[in-house]
Each structure stands twice: as C-alpha cells, then as structure tokens.
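According to the working numbering, the sequence shown is numbered sequentially starting from 1283.
Don't be surprised by glycine CBs; every beta carbon is placed ideally from N, CA and C.
On a predicted model such as this, the values are computed, not experimentally measured, just so you know.
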Amino acid sequence: MEENNQGNTEQTSSGTIVVAGQRPIGSNSLQVAGTVSIAGSRPISTSNLQVVETYNSMGIRPIASNTFRVVDNINLSGMRPIGSSALVVSENYSVFGNRPVASNTIDDSDLLMGFLD
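In structure tokens:
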C-alpha cells in the first residue's frame, strides 16, 4: 500500500481509496461513562435523559421522558401524535403541502423543535 504526498489517499492493488487524515481532538466537557463496541469503539456519554421504556425495533431504542402534550393522533404512515403547544402558526395551510407555517422570528428554538419533532 502506497500513500500519496497529500496523505489522504492510499494506492492498493484494487485501486485508490480515500482515508481519513489525522484530526485534532479539542478539549470539551464530554463525560464518558463507558464504551460500546459497535462499528468500532464508541463512547457512551453521561446525560440527564430519563429513559422510561425501550422499544425493540432493529435494536433496543430508548423512549425518553418528555413534556409533550398529546391531544389526538393521526394514522398517516403509522400512528402519529398530534401535540399541543404555544407555538403560533399561520391559520392558512394552503401552501407547503397543507402544512402549518410558523414565523421565522422565534425566541424559543426548543419549542419549535418540539413542534417539528
């Protein structure tokens, strides 16, 4: 295997492949509680996420606790919740596939992300 002058490709008998270069690792506040060996060694970080249940679909997936208020549901490509929030959206839903449109000037981005989620 030969490496070129730029250091980001390698020549093999099968052809040229691009390889990741050395990347700097900066300091941060990530606290690692352990590691898991899935597709390499991946860190497990600590958080304040409260897992209330798990769902077994293509692996064990956590269901986190939240304050999302469900007022109804709709059966559109599976059961989907309809939530209640204080986000002000346009009453005219005739554009963008009959989807609600909110203002671009939103102070609380977490509220918007909860609405979109």
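Own chain residues within Cβ distance below 6 Å of residue i, not counting five before or after
| i | result |
| --- | --- |
| D1354 | I1364 |
| G1316 | I1326 |
| S1243 | Shown here, the chain extends from 1283 to 1399; a query on residue 1243 therefore has no answer. |
Same chain, Cβ closer than 8 Å to residue i, neighbours up to 5 away in sequence not counted
| i | result |
| --- | --- |
| Q1313 | S1327 and T1328 |
| R1244 | The requested residue 1244 is not part of the displayed model; the chain covers only 1283 to 1399. |
Beta carbon of residue i nearer than 9 Å to that of residue j
| i | j | result |
| --- | --- | --- |
| V1333 | A1346 | yes |
| S1366 | P1382 | no |
Option in the options with minimal Cα separation from residue i
| i | options | result |
| --- | --- | --- |
| L1331 | I1356, S1359, P1382 and T1349 | T1349 |
| R1351 | R1362, G1379 and S1309 | R1362 |
Sequence-distant residues of the same chain with beta carbon closer than 7 Å to residue i, five excluded per side
| i | result |
| --- | --- |
| V1318 | R1324 and I1326 |
| I1356 | R1362 and I1364 |
Taking only runs of the beta strand (DSSP E) that begin and end inside the region 1349-1382, which ones reach a length of at least 3 residues, in chain order? When DSSP assignments are scanned along the region 1349-1382, the uninterrupted stretches of beta strand (DSSP E) that are 3 or more residues long and fall wholly within it turn out to be 1351-1357 and 1361-1366.
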